[in-house]
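Order-wise, the sequence lines are chains S and Z.
For what it's worth, the numbering used here labels the leading residue of the first sequence as 1, then goes sequentially.
For what it's worth, the numbering used here labels the leading residue of the second sequence as 1001, then goes sequentially.
Heads up, the beta-carbon is just placed ideally off N, CA and C, and yes, glycines get one too.
Protein chains: 2
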Amino acid sequence: MRRPTMKDVARLAGVSPMTVSRVVSGEPGVAPATAAKVGQAVRALGYQRNDNARHLRRKSPGTATIGLLVDDLANPFYARMARSVEDEAHRRGCLVLIGSTHDEPRREREVVAAFTARQVDGLILVPTAAGHGFLRGPAHAGTPVVCVDRPAPGLAVDTVTVDNRAGARRAVTHLLAHGHTRVAYLGDRVGIWTQGQRCAGYLDALTARGIPEDPALIRHGLRTGDQARAALAGLRALPDPPTALFTSNDLITLGVLDDLDHPAPLAVVGFDDLPLAERLTPPLTVISQDPLALGGAAAGLLFSRIAGDTSAPRSVVLETRLVERGSGELRRA
Amino acid sequence: MRRPTMKDVARLAGVSPMTVSRVVSGEPGVAPATAAKVGQAVRALGYQRNDNARHLRRKSPGTATIGLLVDDLANPFYARMARSVEDEAHRRGCLVLIGSTHDEPRREREVVAAFTARQVDGLILVPTAAGHGFLRGPAHAGTPVVCVDRPAPGLAVDTVTVDNRAGARRAVTHLLAHGHTRVAYLGDRVGIWTQGQRCAGYLDALTARGIPEDPALIRHGLRTGDQARAALAGLRALPDPPTALFTSNDLITLGVLDDLDHPAPLAVVGFDDLPLAERLTPPLTVISQDPLALGGAAAGLLFSRIAGDTSAPRSVVLETRLVERGSGELRRA
DNA sequence: TGAGGGTTTGGTAACGTTCCCACCCACTCG
DNA sequence: CGAGTGGGTGGGAACGTTACCAAACCCTCA
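Shown next, in the form of structure tokens:
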């Protein structure tokens, strides 16, 4: 019941294992008649090469495996990123080991360690907020890393992000252009890199219009839809409540959606597109990012590093897109 | 610049590689003082074990890697499945190799071959419609396979599906209970297993009510939203048009959504939940499946097989849930 | 006929690890 | 005091493959 090895094939074909290796790997210098015999034996035994053993012995191309570590694979954003990474890898005959960090630094380290213990040729990483010094150890020497979606502070590696700041600025500028002057910011913890950038973009837009920042309109640390809803209630209770919201991620956008029209209708622009956003009432105006492009760019960078590119770390910044659907305009009851 | 090996650690610690192996793998029978010396050398060199070499030599537990092959990782349904598989694997100290078939049998075979060439301990597969005889070859001997979402015809392995037929029956029964008598079926190619089951469930519901099947109300082979919309136009043009639709997957549901209210409002129940379905107008009634449960069940089965369970192949069928939100009721303009 | 060149083939060692066994040493006990 | 015990350690081989080199073969041409 053992799986057949090259030795078994060699015995059956009456040749040496070396010759079998040559045939199976498509190397030249084998007589056609011999190759045919070997091929027959391979099919007869249902032989399949053990690529782990192969990669252990070979030096030149590595294991033809890369690791992809995202925050949460169930998040459609990362799922699409993963898909385009897998597509690029497949085109290059490479497999993908996948993992989710769930934003836990410990799990990130564990999984990265498990990946490198498997001798991955490279790593695409959505880094957690923790330090990434461990990636500089000798165990990772020669394993290129590419960060996606956010940079790893203090780690000088290729990074692919979208221009969160410009996107947020665009969103808020859109609201201001439609006559709003009191625009609130609703975001997750400002320590999260993307959230910090988006908040900065929000402030940029205000500054450009000469509108002073009002701390009462800025809410950080909203981690759930319920917290976002509560924050909205708080904003409505202000003596001078906002007439428009910029919601800094899709969870928050969803959270405020319920209470958008009561007691008074509020305009809203959200960061991150939602499926069906155009069918909501009102149709949702959003800043949309392209996760497929993110994943594709990251994979492209990684594979050129694997191919031997040793130039200075690159930083790719992709643009966002404002998708106007109506919810950003002035709304009256 | 070479990565350190056990030999390097052994040399530095002044012991044999064997002793390093024991320390690194946490085996007993090493004097505490020796273990400390080795640990120090490990940290000094930043040594990390090569798990590929390890798994090549070891027999008992395999490579601690499983393969997961879905139709399309960008599909949120499969993404959530993948997440729960990865979670289960992580709990067991196992890594996950991932791949997408894009419903191409050739790609399926390629990726499965690449997985087994890496000596995965098991395989979770969303099978394409093609034959799967290749999984019976000696190369796959001893590699358990679990099919998920749909069975692989002619392959006697553990399978986890949802009860598509009962779900569809439930959906149509719901429409009939709300006074509809002319209910149309809109589905993808009936050769796709899930679609066949859902169509059967549709017919079951009609039969139970004594309503004769009307071929004019049944549309197969709708592969895009546009085709679904066109099919709806055709149905509306009938002398005796339907008053309700059962749409057999989310793509089709989305396709008909646009034209649901004009010229006359139609009721609809869709198979497969959509995010934001409750915020659409009308709020969409759907048959919802639980991809996390599917993935979890598949992983559970696979790991018990890997642990040595050799009982007859099991077939797990999960229930669906009817989520009533209004769109299934009788609708008037 | 024999030297020279090319093609085809096989033997040996090595990749980094662990299994199996033998060894060494310090004790204990008769 | 010698034989037995048991924990701690190391040597050699092996997992399945490929790099490297040497050998065997065939053919051509002087």
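Can a CB atom of chain Z be found closer than 7 Å to the CB of S:Arg83?
Yes, S:Arg83 lies at the interface with chain Z (some Cβ there is under 7 Å from its Cβ).
According to DSSP, residues forming a beta bridge with Z:Val1286:
Here Z:Val1286 is bridged, per DSSP, to Z:Gly1270, Z:Val1323.
For Z:Ala1244, the three-state DSSP class (helix, strand or coil):
Three-state result, Z:Ala1244: strand.
What would DSSP say about Z:Gly1046, mapped onto helix, strand or coil?
DSSP places Z:Gly1046 in coil when its eight states are reduced to three.
Counting only Cβ pairs nearer than 8 Å, list the residues of chain S close to Z:Val1009.
Listed along chain S, no residue sits closer than 8 Å to Z:Val1009 by beta-carbon distance, the nearest being about 12 Å off.
Is S:Arg22 helix, strand or coil by DSSP?
DSSP places S:Arg22 in helix when its eight states are reduced to three.
Between S:Glu86 and chain Z, is any beta-carbon pair separated by less than 7 Å?
Residue contact with chain Z for S:Glu86: present (Cβ-Cβ distance below 7 Å to some residue of chain Z).
Cβ-based neighbour list, Z:Val1023, same chain, cut-off 8 Å, excluding 5 preceding and 5 following
Counting only residues of its own chain and dropping the five nearest sequence neighbours on each side, Z:Val1023 has a CB closer than 8 Å to the CB of Val1030, Thr1034, Ala1035, Val1038, Gly1039, Val1042.
If we call anything under 7 Å between Cβ atoms a contact, is Z:Ser1100 one with S:Glu329?
For the pair Z:Ser1100 and S:Glu329, the CB atoms are not nearer than the 7 Å cut-off.
For the beta strand (DSSP E) containing Z:Val1160, list its first residue and its last residue.
Unbroken beta strand (DSSP E) run through Z:Val1160: 1158-1162.
Give a yes or no on whether the minimum CB-CB distance between S:Ser315 and chain Z is below 7 Å.
Taking Cβ atoms only, chain Z never reaches closer than 7 Å to S:Ser315, which makes this a no.
Those runs of the beta strand (DSSP E) which lie wholly inside the region 180-251 of chain S and span at least 3 residues
Inside the region 180-251 of chain S, DSSP marks whole beta strand (DSSP E) runs of 3 or more residues at positions 183-186, 244-247, from first to last along the chain.
Identify every residue that forms a DSSP beta bridge with Z:Gly1122.
Answer by DSSP bridge pairing, in chain order: Z:Ile1066.
Just the Cα atoms here: how many angstroms apart are S:Met18 and S:Arg3?
When rounded, the distance between both Cα atoms is 18 Å.
Are the C-beta atoms of Z:Asp1259 and some chain S residue less than 7 Å apart?
Interface residue (Cβ-Cβ distance to chain S less than 7 Å): Z:Asp1259 is not classified as such.
Reduced DSSP category for S:Val146 - H, G, I as helix; E, B as strand; rest coil:
The answer is strand: DSSP assigns S:Val146 an E or B state.
Whole-angstrom C-beta distance between Z:Leu1186 and Z:Ile1098, which should lie under 8 Å:
That pair is no contact at about 32 Å.
Nearest by alpha-carbon distance to S:Thr358: which of S:Asp149, S:Ala156, S:Ile218, S:Tyr202 is it?
Past the boundaries of the shown model lies residue 358 of chain S; chain S is included only from 1 to 333, so the question cannot be answered.
Beta-carbon proximity of Z:Val1157 to Z:Leu1294, cut-off 7 Å
Contact flag unset, no.
May I ask you to list the residues that DSSP assigns as paired with S:Ser100?
Note: S:Ser100 sits in a beta bridge opposite S:Val70.
Let me confirm a value: S:Val126 is counted as buried when at least 16 other C-beta atoms fall within 10 Å, else exposed. Which label applies?
S:Val126 should be labelled buried.
Measuring only between beta-carbons, confirm whether Z:Gly1039 sits less than 7 Å from chain S.
Chain S contact via Cβ: absent.
Quick one: which residues of the region 1270-1300 of chain Z get their C-beta closer than 7 Å to a C-beta of chain S? List them in chain order.
Leu1274, Pro1275, Leu1276, Arg1279, Leu1280, Thr1281: these are the residues of the region 1270-1300 of chain Z whose beta carbon lies less than 7 Å from some beta carbon of chain S, given in chain order.
Name the residue from S:Lys7, S:Ala10, S:Leu135, S:Ser315 whose alpha carbon lies nearest to the alpha carbon of S:Asp163.
Taking S:Asp163 as reference, the option from S:Lys7, S:Ala10, S:Leu135, S:Ser315 with the minimal CA-CA separation is S:Ser315.
Would the region 75-83 of chain S and the region 278-291 of chain S be scored as touching if the rule is three or more Cβ pairs under 8 Å?
At 8 Å Cβ cutoff, the stretches touch.
Backbone CA spacing between S:Ser84 and S:Pro239 [nearest angstrom]
Answer to the nearest angstrom: the Cα atoms are 48 Å apart.
Mind listing the chain Z neighbours of S:Val96? Cutoff is C-beta to C-beta under 9 Å, in chain order.
Those are Leu1097, Ile1098, Gly1099, listed as they occur along chain Z.
Check the C-beta distance from Z:Ala1168 over to Z:Gly1201 and give it rounded, since I have them as a contact under 8 Å.
Z:Ala1168 to Z:Gly1201, Cβ: 3 Å. Contact.
Cα separation between Z:Arg1049 and Z:Met1006?
For Z:Arg1049 and Z:Met1006, the distance between alpha carbons rounds to 8 Å.
Chain-ordered neighbours of Z:Leu1073 on chain S, where CB pairs are closer than 7 Å:
Neighbourhood of Z:Leu1073 in chain S, by CB distance below 7 Å: Ala79, Ala82, Arg83, Glu86, in chain order.
At a Cβ threshold of 7 Å, is Z:Arg1049 touching chain S?
Interface with chain S (7 Å Cβ-Cβ cutoff): Z:Arg1049 is included.
Determine whether the Cβ of S:Pro61 lies closer than 7 Å to any Cβ atom of chain Z.
For S:Pro61, the answer is no, since every Cβ of chain Z falls outside 7 Å of its Cβ.
Spell out whether any CB of chain Z is found under 7 Å from the CB atom of S:Gly122.
With 7 Å as the cut-off, S:Gly122 does not count as an interface residue toward chain Z.
Listed by chain order, chain S residues near Z:Arg1003 by CB distance under 8 Å:
Correct list: Pro138, Ala139, Ala141, Gly142.
Just the Cα atoms here: how many angstroms apart are Z:Pro1265 and Z:Asp1272?
If you take the alpha carbons of Z:Pro1265 and Z:Asp1272, they lie about 21 Å apart.
In chain order, what residues of the same chain have a beta carbon less than 6 Å from the beta carbon of S:Thr285, not counting five sequence neighbours either side?
Spatial neighbours of S:Thr285 in its own chain (CB-CB distance under 6 Å, excluding positions within 5 residues in sequence) are listed in chain order as Val269, Glu324, Arg325, Ser327, Gly328.
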